[in-house]
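**Student:**
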Amino acid sequence: MRGKFYGIGVGVGDPELITMKAVKLLKNVDIIVLPEAKKTEGSTAFDIAKDYIDENAQKLFLEFPMISDEEKKKEIRRNNAKKIEQLLENGKNMAFLTIGDPMTYSTYTYILDYLGSEFEVETVPGITSFNSIASRVNVPLVIGDEDLKIISLSSATKLKKEIEGNDNIVFMKISRYFDKLRAAIKETGNSENVILVSNCGKEDEEIHTNLDEIEKVPYFSTLILKKGGVKHG
Ligand SMILES: C[S@@+](CC[C@H](N)C(=O)[O-])C[C@H]1O[C@@H](n2cnc3c(N)ncnc32)[C@H](O)[C@@H]1O
């Protein structure tokens, strides 16, 4: 019998912010699939979930390098999906770990794009970075009839237009373009309306409301802009 493929969200830092369903499955699968950006980097998702993983489970590290060559990226994803298919064919149940939620900016969905429809898939949601951050600082993401936009920051993001057009914005992947983001926040008069959290739920967590005090922004950082203000009630 073929194995089943699970995508499991493990949250972004605090190991207690994981579903009971995820914990149950992690104890019972044969293989834990761990995505990594570089071969030597290890896995943040594994660090979060390690206490729930059976010590006999096999680990399969799959590299998904952050490169600009789109064709090469597709080839790597296709090859990684093939490796997973072969193990599923051999009857192995596999859990692909993903930080936060598997359906929110996750490599997991690239695997789903290439996995044959004959394979059974189950996705277990996790708490996203921005949901964790909102709770961490006791500030609502949205209330009443406000809107919320989620943006993965890139060189193409029209920052002023986005800030002017939305009540609340979650900016993810901000480390590379932080200077540009900070300038747009200041120019639109929103310096008092932001919270930036790095490494939420981890030992080295940092929470900032004053952008001028920030020099370097780690990769695991998210900024929430609320035009109605970020003070909690
Ligand atoms: C590839 S995306 C993963 C998103 C994730 N699947 C989620 O549900 O939030 C990586 C981005 O998620 C955000 N992120 C992940 N972990 C975080 C953390 N512990 N603290 C703050 N932001 C985090 C950052 O914006 C980071 O650049």
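Residue numbers for the sequence shown follow our numbering, so the first one is 1 and each next one is one higher.
Where a beta carbon is used, it is the ideal one built from N, C-alpha and C, also for glycine.
(1) Using three-state DSSP, classify Y52 as helix, strand or coil.
(2) Would you mind working out which of K59, L112, L60 sits nearest A81, comparing C-alpha positions?
(3) Does DSSP put G201 in a helix, a strand or coil?
(4) Can you list, in chain order, the stretches of the alpha helix (DSSP H) that have 4 or more residues and sit fully within the stretch 118-172?
(5) Any heavy atom of ligand 1 closer than 7 Å to the beta-carbon of M172?
(6) Looking only at its own chain, which residues have a Cβ that is under 7 Å from the Cβ of I31, when we skip the five neighbours before and after it?
(7) Whether or not the stretch 191-205 and the stretch 114-126 are in contact is what I'm after, with contact meaning three or more pairs of Cβ atoms, one per stretch, closer than 8 Å; do they touch?
(8) From Y6 to V12, what distance separates their C-alpha atoms?
(9) My output table needs one value for M103: the three-state DSSP class, helix, strand or coil.
**Tutor:** The structure says:
(1) If DSSP states are grouped into helix, strand and coil, Y52 belongs with the helices.
(2) Comparing Cα positions, the closest option is L112.
(3) G201: coil per DSSP, three-state reduction.
(4) The DSSP assignment places complete alpha helix (DSSP H) segments of no fewer than 4 residues inside the stretch 118-172 at 129-136, 159-165, in order along the chain.
(5) True, at least one ligand heavy atom lies under 7 Å from that Cβ.
(6) So the qualifying residues of the chain are A57, Q58, L60, L87, K92, M94.
(7) Counting Cβ pairs under 8 Å, fewer than three are found: no touch.
(8) Straight-line spacing of the CA atoms in Y6 and V12 works out to 18 Å.
(9) For M103, the three-state secondary structure derived from DSSP is coil.
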